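Number of protein chains: 2
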Amino acid sequence: MSSKIRTISTIGIMGFGAFGRLMARHLQPHFALRICDPVNAPAPDASGKGLQPATAAEVAACDLVILAVPVPAIPEAITTLRPHLKAGAIVLDVGSVKIGPARAMQAALPDDVEIIGTHPLFGPQSARDGLAGLKIALCPIRGKSTPRIAAFLRHVLKLKVIVTTADAHDREVAMVQGLTHLIAKILVRMEPLPRTMTTASFDLLMQATEMVRYDAPNVFMAIERANPHAKAVRDRFFALAEEMRLFLEHGHAETAQSAALPHKVAEVAQV
Amino acid sequence: MSSKIRTISTIGIMGFGAFGRLMARHLQPHFALRICDPVNAPAPDASGKGLQPATAAEVAACDLVILAVPVPAIPEAITTLRPHLKAGAIVLDVGSVKIGPARAMQAALPDDVEIIGTHPLFGPQSARDGLAGLKIALCPIRGKSTPRIAAFLRHVLKLKVIVTTADAHDREVAMVQGLTHLIAKILVRMEPLPRTMTTASFDLLMQATEMVRYDAPNVFMAIERANPHAKAVRDRFFALAEEMRLFLEHGHAETAQSAALPHKVAEVAQV
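Going down the list, the protein sequences come from chains H and L.
Residue 1 is where the first sequence starts when you use UniProt numbering, and the numbers rise one by one after that.
Residue 1 is where the second sequence starts when you use UniProt numbering, and the numbers rise one by one after that.
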């Protein structure tokens, strides 16, 4: 692997969905961007200064390559980009889970390419008033570029940078996003929800729901299925919900027994 | 019943828990208060100008009498106060449900007493920065005093006043408070919850939880048990949670069947 510190002047973005577009808007003032998305390519800009659609090879030839595709599409994106990557290039993903993408990148990317897993803990809704103060997790996988990437994110984009490991990330985010998105999905299915006699806490719950309800379906699936810690978190949530149901149904007398009941429920569900 | 409009100069508060104290703080600049609580009586103030502990008879003799006791204690409070109420006095409760207290007050209070059910849609947490902009529901039960009470709440305390019926209130609040408190109770039992790699929506969810977690246990029981519409709301929440559990466990293929499963679960729970 090259240990030479290069200046990052070109950034390639593979994938131009909601998050790819958000990134491009904030990176464009600082770097020459090359964007490839067979479905959502940016419209060509006649001035030549705006966002230009590029080929996968052009994206791969950049100093920094960002995989902004859904988590399950990361291995395929790597296969497409791999032959065109430069020695010393930095590859990073932006998925909501980190263990899986880190393994995929480590297994399939050439040894002379640096790797960082990242998870911007925000989306188009929470970033609508700008990036300042929002959080991003960085998981260094291979190479020494994390500090300078972190410095750019901190000082230029004003993000709060959390350097961590893929496992620590997935463990914490299994609760953070796992619970938020699960509760939001349930609440959205209960609509119409009240808008008049609301309390401050209900208003906050609705704001939390609004922030994630328009996320692409693959985001929810990545959070709940691709995170190896997510199942334990939601099983706990569902077991506590069931305890609460029984407590409210039958009263104090049966709470001592209620801890055993989620197992029975699980057995039925497996029939 | 007296149709004469009297000036309200004295207010009696029966019950001096967290909400009684909050009310007293905001009403004290405008009225002479008499407060009775056998357990949480206010400390006597030597200056004679502060909050003074009073007997139930002194509370009942006020122009306006507020029942600030837990919902299940309302009938007993009425029995205690009833012999001492003045003709033309206004009695109001501040419970989180309105159908039950309205019936209890209507059945047991003398005909020459006016009755209003109220639900301040806030508590010590949400009112910590003041009352302005917070909401209160008023349900006129007997008499003509609602407009002038509403005018005071709007113009002096700067509250948003919603005039409604007990049934419309309980139906809407079954969702508003029923869902918020249910979710908060479950989340509190999942602690320790993450504080580092959090998203904006998770932070909002935590703020919503913080606002209700220190409420007295009787508040949760009133919301979930004393509201006749609460069970249908939480049964729906639990059924949707169970659908979501099965969907995430087994994937798309079984979602068509999942709607039937909550019934099986309910059967087991009744064993």
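C-beta: ideal position from N, C-alpha, C; glycine also.
Note that the coordinates shown come from a computational prediction; the quantities given were computed from them, not determined experimentally.
According to the DSSP assignment, I223/L belongs to no alpha helix (DSSP H), since it is labelled neither H nor E.
8 Å or more divides the Cβ of V59/L from the Cβ of G17/L. If the five residues before and after L159/L are omitted, its C-beta is found closer than 7 Å to the C-beta atoms of L131, L134, K135, I136, L153, all from its own chain and listed in chain order.
Listed along chain L is no residue with a C-beta nearer than 7 Å to that of H155/H; the closest approach is about 21 Å. Taking the beta carbon of H169/L as reference, the chain H residues within 8 Å of it are M197, listed in sequence order.
H181/H and V212/H have their C-alpha atoms spaced approximately 7 Å apart.
Distance from the CA atom of S9/H to the CA atom of A61/H, rounded to whole angstroms, is 11 Å. Under DSSP, the beta-bridge partners assigned to I11/L are L33/L, L64/L. Residues of chain H whose Cβ lies closer than 9 Å to the Cβ of K185/L are, in chain order, L240, M244.
Using a Cβ distance threshold of 8 Å, V69/H and M14/H count as a contacting pair. If you ignore the 5 residues before and after A241/H, its C-beta comes within less than 8 Å of no other C-beta in its own chain. Here DSSP, grouped into helix, strand and coil, assigns D203/H to helix. The C-alpha of A151/L lies about 15 Å from the C-alpha of I90/L.
Taking a contact to require three or more Cβ pairs closer than 8 Å, the segment 199 to 208 of chain L and the segment 143 to 150 of chain L do not qualify as touching.
Nearest CB-CB separation between T180/L and chain H: below the 8 Å threshold. When secondary structure is reduced to three states using DSSP, V163/H falls in the strand class.
With fewer than 16 other CB atoms across the displayed protein chains lying within 10 angstroms of its CB, V156/H is exposed.
Contact of M175/H with chain L is assigned, a C-beta pair being separated by under 8 Å. In the DSSP assignment, L138/H falls within the unbroken beta strand (DSSP E) covering 135 to 142.
Around the beta carbon of V39/L, fewer than 16 other beta carbons lie within 10 angstroms, which makes this residue exposed.
Around the beta-carbon of D170/H, 16 or more other beta-carbon atoms lie within 10 Å, marking it buried. The segment 215 to 229 of chain H and the segment 175 to 195 of chain H touch, with three or more beta-carbon pairs separated by less than 8 Å. DSSP places L92/H inside the beta strand (DSSP E), whose first and last residues are 90 to 93. The shortest C-alpha to C-alpha distance from S126/L to any of A208/L, I162/L, P75/L is the one to A208/L.
The straight-line gap separating the alpha-carbon atoms of Q28/H and A43/H is approximately 15 Å.
Secondary structure of T118/L (DSSP, three-state): strand. In the displayed model, P147/H falls within a helix according to three-state DSSP. Close partners of I162/H in chain L (Cβ separation under 7 Å): T196, M197. Counting along the chain, M23/L sits inside the alpha helix (DSSP H) bounded by residues 18 to 27. Under the DSSP assignment, E242/H falls in the alpha helix (DSSP H) whose first and last residues are 230 to 250. Neighbours of M190/L across chain H, judged by C-beta separation under 9 Å: M175, L179, V233, R236, F237, L240. With 16 or more other CB atoms across the displayed protein chains lying within 10 angstroms of its CB, P101/H is buried. Of the residues assessed, M175/L falls on the buried side of the cut-off, its CB having 16 or more other CB atoms within 10 angstroms. Closest option to D93/H, judged by alpha-carbon separation, among R245/H, E172/H, R225/H, A166/H: A166/H. Closer than 8 Å to the CB of R82/L there is not a single CB belonging to chain H. Under DSSP, P53/H forms a beta bridge with I35/H.
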